[in-house]
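Straight run, no breaks: the sequence shown in our numbering ends on number 276. To start, the structure under review is shown below, and the notes come after it.
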Amino acid sequence: MEVNRFSLNSITLRSTGFDELIRRATAAGIPGVALWRNVYADRGAARAARTMRESGLRVSSICRGGMFTHADPTEVGALRDDNRRAIDEAHALDADCLVMVCGAPRGGSLERARRQIRDGLAELAPYATAAGVRLAVEPMHPMMIADRSAISSLSEANDLVEELGVDVVGIALDAYHVFWDVTYPAEVARAGARIYSVQVCDWVTPIHGQLSSRGMPGEGVIDLRAFVDHAEAAGYSGLIEVEVLSDLWWARQPEEALQAALDGFGNI
Numbered sequence: 009m010e011v012n013r014f015s016l017n018s019i020t021l022r023s024t025g026f027d028e029l030i031r032r033a034t035a036a037g038i039p040g041v042a043l044w045r046n047v048y049a050d051r052g053a054a055r056a057a058r059t060m061r062e063s064g065l066r067v068s069s070i071c072r073g074g075m076f077t078h079a080d081p082t083e084v085g086a087l088r089d090d091n092r093r094a095i096d097e098a099h100a101l102d103a104d105c106l107v108m109v110c111g112a113p114r115g116g117s118l119e120r121a122r123r124q125i126r127d128g129l130a131e132l133a134p135y136a137t138a139a140g141v142r143l144a145v146e147p148m149h150p151m152m153i154a155d156r157s158a159i160s161s162l163s164e165a166n167d168l169v170e171e172l173g174v175d176v177v178g179i180a181l182d183a184y185h186v187f188w189d190v191t192y193p194a195e196v197a198r199a200g201a202r203i204y205s206v207q208v209c210d211w212v213t214p215i216h217g218q219l220s221s222r223g224m225p226g227e228g229v230i231d232l233r234a235f236v237d238h239a240e241a242a243g244y245s246g247l248i249e250v251e252v253l254s255d256l257w258w259a260r261q262p263e264e265a266l267q268a269a270l271d272g273f274g275n276i
């Protein structure tokens, strides 16, 4: 793929601070970055937004909002406040979307967790609409159901988005989480214009950590060209993030990881 579709997710260069991330991205000639909230937390979203405008880089997503599940109703207020802050940050940074990692079951069943997720999104949607921020629900691989998200397939995420029926809520499509599912091509087509984010990495073995065993594009078994083709056929034309959570790549120098990301992306 051409570099003009590339967005560098900040977690790919985890040890890199905000200023260095922006410097490396602009030097590489890529058009965008995706920001985890911690990477700009020390300066605040407003100051980070000024830097982004000066750099000319686009923010393809902010990670993350969500985590709607709770064991105690007294937690709801704090969860709501954090999600609203995340929306405010995404608005300040003019991000294409806010990625929603929805939360795992806490003190109850999967059914209860999914109900809390639906209700949390429904409550948050008007605030996001007023801010002009799109919420991208990210279905996650089933191995993360116990500690990350009770939304564990693209079909379930589509069901949720369709049930809510508001334009502001859509899908974050991450190859790592959905590539294995025989239904995913049909579900990508079903999501259509509701795909607000597309993320690529690769599946490599052995898995030494469920969160941090990803590979650079081309290192593993995912057919990323087909994955991107499905998203584009469904109507997606935005930036494509390289999001690689990897203990192995985090141990290397940032310039080496960035070059591997660029090389892998170029071969998709």
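A virtual CB, placed ideally from N, CA and C, is assigned to each residue, including glycine.
If you reduce the DSSP assignment to three classes, tell me which class Y204 lands in.
Locating residue 204 in the sequence shown gives position 196, counting from the first residue. The answer is strand: DSSP assigns Y204 an E or B state.
Do A139 and G200 have their C-beta atoms within less than 8 Å of each other?
Here residue 139 refers to the residue found at position 131 of the sequence shown. Here residue 200 refers to the residue found at position 192 of the sequence shown. For A139 and G200, no; Cβs fall outside 8 Å.
For M9, tell me which candidate among V145, G226, Q261 and H149 has the shortest Cα-Cα distance.
Reading the sequence shown from its first residue, position 1 is the one you call residue 9. Looking at the Cα atoms, G226 is the closest of the given residues.
What are the partner residues of L143, as DSSP defines its beta bridges?
For the purposes of this step, residue 143 is taken as residue 135 along the sequence shown, with counting starting at 1. Its beta-bridge partners are L106 and V177.
DSSP puts G111 in a beta bridge; with which residues?
For this step, residue 111 is matched to residue 103 along the sequence shown. Partner(s): S157.
Going by Cα to Cα distance, which pick from I153, S205 and L106 is closest to S117?
For the purposes of this step, residue 117 is identified with residue 109 of the sequence shown, where counting begins at 1. The shortest C-alpha separation from S117 is found at I153.
How would you write the range of the alpha helix (DSSP H) that A268 sits in, first residue to last?
Along the sequence shown, read from residue 1 onward, the residue named residue 268 stands at position 260. Where A268 is concerned, the enclosing alpha helix (DSSP H) stretches over P262 to G274.
Which of the three DSSP states is assigned to D210 in this structure?
As a first step, residue 210 is located in the sequence shown; it is residue number 202 there, counting from the start. Strand at D210.
Taking the C-alpha atoms as reference points, what is the distance between D89 and D182?
Counted from its first residue, the sequence shown places residue 89 at position 81. Counted from its first residue, the sequence shown places residue 182 at position 174. Distance between the alpha carbons of D89 and D182: 26 Å.
Among Y135, D104, G73 and L132, whose alpha-carbon lies nearest the alpha-carbon of G111?
Looking up residue 111 in the sequence shown gives position 103. If we check each option's Cα against that of G111, G73 comes out closest.
Once DSSP output is grouped into helix, strand and coil, what is the label at F235?
Residue mapping note: residue 235 aligns to position 227 of the sequence shown, counting from 1. Reduced to three states, the DSSP call for F235 is helix.
If you reduce the DSSP assignment to three classes, tell me which class G128 lands in.
Position 120 of the sequence shown, counted from the start, is the residue given in the question as residue 128. Reduced to three states, the DSSP call for G128 is helix.
For G115, which option in E83, L270 and V177 has the closest C-alpha, if you only look at C-alpha atoms?
The count along the sequence shown starts at 1 and reaches residue 115 at position 107. Out of E83, L270 and V177, E83 has the C-alpha closest to the C-alpha of G115.
Who are the near neighbours of Y184 in its chain, counting only those whose CB is closer than 7 Å to its CB and skipping five residues on each side?
Stepping through the sequence shown from its first residue, residue 184 is reached at position 176. H149, C209, W211 and R222.
Less than 8 Å between the C-beta atoms of V109 and L143, yes or no?
Position 101 of the sequence shown, counted from the first residue, corresponds to residue 109. Position 135 of the sequence shown, counted from the first residue, corresponds to residue 143. Contact flag unset, no.
Report the three-state DSSP secondary structure of G73 (helix, strand or coil).
For the purposes of this step, residue 73 is taken as the residue at position 65 of the sequence shown. DSSP places G73 in strand when its eight states are reduced to three.
Taking W188 as part of the alpha helix (DSSP H), name the residues at either end of that continuous run.
By one-based count along the sequence shown, residue 188 stands at place 180. Segment: none, W188 is in no alpha helix (DSSP H) and carries neither H nor E.
Considering only residues of the same chain and omitting the five flanking positions on each side of R92, which have a CB-CB separation below 7 Å?
If you number the sequence shown from 1, residue 92 lands on position 84. These residues qualify, in order along the chain: Y135.
Can you look up G85 in the DSSP assignment and give me helix, strand or coil?
Residue 85 sits at position 77 when you count from the first residue of the sequence shown. Helix at G85.
Just checking my contact of Y48 with A36 at CB under 8 Å: how many whole Å lie between their CB atoms?
Here residue 48 refers to the residue found at position 40 when the sequence shown is read from its first residue. Here residue 36 refers to the residue found at position 28 when the sequence shown is read from its first residue. Going by Cβ atoms, the distance from Y48 to A36 rounds to 19 Å, so no, they are not a contact pair.
How long is the line joining the alpha carbons of S69 and R13, rounded to whole angstroms?
Numbered from its first residue, the sequence shown carries residue 69 at position 61. Numbered from its first residue, the sequence shown carries residue 13 at position 5. About 14 Å.
In whole angstroms, what is the alpha-carbon distance linking L65 and R31?
Indexing the sequence shown from 1 puts residue 65 at position 57. Indexing the sequence shown from 1 puts residue 31 at position 23. Roughly 10 Å separates the two Cα atoms.
Classify E171 as helix, strand or coil using the three-state DSSP reduction.
Numbered from 1 along the sequence shown, position 163 holds the residue referred to as residue 171. Helix, per DSSP.
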